[in-house]
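Working notes, structure below.
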Amino acid sequence: MATRQATDIIIIGGGVIGCSIAYFLRKAGREVMLFERGEIGQQASGAAAGLLAPLGPIPGEGAFADLLLAGFQQFPALVPELEHISGLQLGYAQTGSIRVARNPKRLARLKQRFKTWQAFALPLKWLDGDEARQREPRLAPDVCGAIFVPVEAQINAARLVQAYAMAASKLGAQLRPQTPVARILYEGTKVVGIETSEGEIITCEHLVLTAGAWSGLLSSLIGTDIPVRPLKGQIIALPMLQPVLRHILFGESIYLVPRNNEILVGATKEEAGFTADVTLAETDQLYKKALRLIPSLSSSGIERRWAGIRPATPDSHPIFGPLPGMENVVLACGHNGVGILLSSLTGRSITEYIVTGRLPSLLQPFQATRFKES
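Position one of the sequence shown corresponds to residue 144 (our numbering), numbered consecutively onward.
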């Protein structure tokens with residue numbers, strides 16, 4: 144006979160979003176069980192470079208800009224809170240960023256972005272090529288302009304996921320890694336529970352889908368379709384230069400992140416299904432692009448290569464709020480590479496929605512209904 148349990152809220156997906164929601168729900172006093180088919184933080188969250196750089200994905204003013212900037216602003220208070228509860232050091236560093244251009248066409252585009260970004264409440268400064276090289280002497284001699292954003296930051300993504308998970312567990316959340324969900328049990332338009340691959344049945348009042356790139360597959364278990372697809376991203380690590388790289392660099396459609404004794408370089412965007420294999424051709428291309436920004440990297444080789452699978456959506460924006468057609472299913476998925484940045488905001492906001500029944504205004508433009516409307 145199948146084992147039966149009951150809880151208030153079931154979360155499916157143990158990445159940074161699921162663990163953040165579990166943490167904030169427990170802070171709000173709600174009973175939570177989280178199910179993850181693999182290990183906690185094993186997929187995109189653990190592979191991420193941990194950029195806390197909200198300006199890059201922002202094309203201009205609007206709901207997405209508001210979302211990213213609000214998420215970014217939560218980290219200075221979040222980090223000491225999580226470090227205290229979990230006992231982990233999260234590697235949070237406000238290293239600042241420099242976005243560079245190497246030719247007139249890209250320079251014009253970068254100047255336009257600078258003009259657009261001046262509308263936001265983040266400090267930024269325009270640099271000419273020489274000023275950029277004063278800040279990062281190893282930049283290529285053909286760098287002709289740059290945007291310096293002193294407050295953009297980075298964090299160790301893998302540790303952040305574990306910190307959310309440990310903090311949630313210490314507050315009483317039940318985290319169940321290596322426990323795939325085989326069935327979602329529902330009656331009419333209401334989910335009543337789940338059945339694990341071992342035949343265990345857990346009933347619930349609310350179900351939260353935070354399964355990243357796998358969220359679409361899970362939604363099919365209740366006869367719905369969430370437009371989330373997998374998008375592979377590969378990253379490489381190079382040995383740190385001396386003198387050390389001090390800022391996060393953006394250019395040539397890549398980023399360089401100085402961390403400990405390495406420089407992380409990423410990331411590819413590949414339509415490769417659910418395969419996270421590392422390929423030499425794509426990772427070598429990352430290295431070649433890095434050389435265009437910092438030619439002296441030619442004296443070093445690639446130390447490590449890895450890949451993760453991001454959750455992508457048709458408009459490259461996340462999906463929040465109720466699942467259309469279901470009474471008690473909540474979506475928090477499709478973060479498209481900004482899951483680390485939006486982790487705290489998502490956890491707090493989804494908790495507020497479950498507790499009050501009101502979706503916070505920041506999340507309202509990102510409901511799943513927008514795809515049917517378009």
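Glycine included, each C-beta is placed from N, C-alpha and C at the ideal position.
task = Can you say whether residue 414 is buried or exposed, counting buried as having 16 or more other CB atoms within 10 angstroms of its CB?
result = exposed
ask   = Shortest alpha-carbon distance to residue 324 belongs to which of 502, 153 and 506?
value = 153
request  = Check the C-beta distance from residue 401 over to residue 387 and give it rounded, since I have them as a contact under 8 Å.
outcome  = 6 Å
query = How about the segment 302-310 and the segment 240-250: do they share at least three Cβ pairs that are nearer than 8 Å?
reply = no
message = Let me check understanding here. Comparing Cα to Cα, which of 357, 196, 229 and 316 lies closest to residue 265?
response = That would be 196, whose Cα lies nearest to the Cα of residue 265.
ask   = By Cβ distance, which residues of its chain are closer than 8 Å to residue 144, with the 5 residues on each side in sequence left out?
value = Note that residue 144 scores 45 on pLDDT, short of 50, meaning its location in the model is unreliable and no value can be drawn from it.
query = Are residue 353 and residue 475 close, meaning C-beta to C-beta below 7 Å?
reply = Going by C-beta atoms, residue 353 is nearer than 7 Å to residue 475.
inquiry  = One question on the structure: do residue 187 and residue 355 come within less than 7 Å of each other, judged by their Cβ atoms?
reply    = yes
inquiry  = Taking only three categories from DSSP, how would you classify residue 365?
reply    = helix
inquiry  = Within 10 Å of its beta-carbon, does residue 527 have 16 or more other beta-carbons around it, so buried, or fewer, so exposed?
reply    = In the structure displayed, the chain extends from 144 to 517; residue 527 sits before or after that span and is not available.
key: Selected residue, minimal CA-CA separation from residue 306, among 283, 164 and 345   = 164
request  = Identify whether residue 376 lies in helix, strand or coil by the three-state DSSP scheme.
outcome  = strand
message = Alpha carbons only, please: which of 430, 267 and 417 is nearest the one belonging to residue 442?
response = 430
Backbone CA spacing between residue 409 and residue 200 [nearest angstrom] = 15 Å
task = Pull up the distance between the alpha-carbon of residue 347 and that of residue 508, whole angstroms please.
result = When the Cα atoms are used, residue 347 and residue 508 turn out to be separated by approximately 27 Å.
ask   = DSSP three-state call for residue 464: helix, strand or coil?
value = strand
key: Residues bridged to residue 154 (per DSSP)   = According to DSSP, residue 154 bridges with 177 and 351.
inquiry  = Nearest by alpha-carbon distance to residue 376: which of 481, 437 and 286 is it?
reply    = 481
message = Taking 7 Å as the threshold (C-beta atoms), are residue 479 and residue 334 in contact?
response = Their beta carbons are not under 7 Å apart, which means residue 334 does not touch residue 479 by this criterion.
task = Check each candidate in 501, 426, 503 and 489 and name the one with the smallest Cα separation from residue 161.
result = 489
ask   = When we look at the beta-carbon of residue 360 and count the other beta-carbons within 10 Å, is it buried (16 or more) or exposed?
value = So residue 360 ends up on the exposed side.
inquiry  = Once DSSP output is grouped into helix, strand and coil, what is the label at residue 253?
reply    = helix
query = What runs of the alpha helix (DSSP H), each 4 residues or longer, lie entirely inside the segment 184-208?
reply = 187-190
task = From the DSSP output, in three-state form, read off residue 472 for me.
result = strand
ask   = Are residue 380 and residue 425 touching if we call contact CB-CB under 7 Å?
value = no
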